[in-house]
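Each remark here refers to the structure printed beneath this line.
Residue numbers (my numbering): 15 to 77.
Structure follows, in structure tokens:
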């Protein structure tokens, strides 16, 4: 996770006040459908589908 200077928010993101818990992950693949947003109680949930093909490399040839 990339963090800017202490106390400066990321460009385009408002400053957060109070304790926050945030995870960042990187997903590689093809987006199958448009993401959908919905609200559950007080939380916003995003659903999306990713297609991913496993690729294997032959350690002997590098192919």
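Note that CB positions come from ideal geometry on N, CA and C, so glycine has one too.
Here the structure is a predicted model, which is why all the values come from computation and not from measurement.
Do you know whose CA, among the options, lies nearest residue i's CA?
i	options	result
residue 40	54, 64, 73 and 48	64
Measuring straight from C-alpha to C-alpha, what distance separates residue i and residue j?
i	j	result
residue 46	residue 36	25 Å
residue 73	residue 43	23 Å
residue 62	residue 54	16 Å
residue 76	residue 67	18 Å
residue 38	residue 70	26 Å
Assuming residue i is part of the beta strand (DSSP E), what are its boundary residues?
i	result
residue 58	57-61
residue 52	50-54
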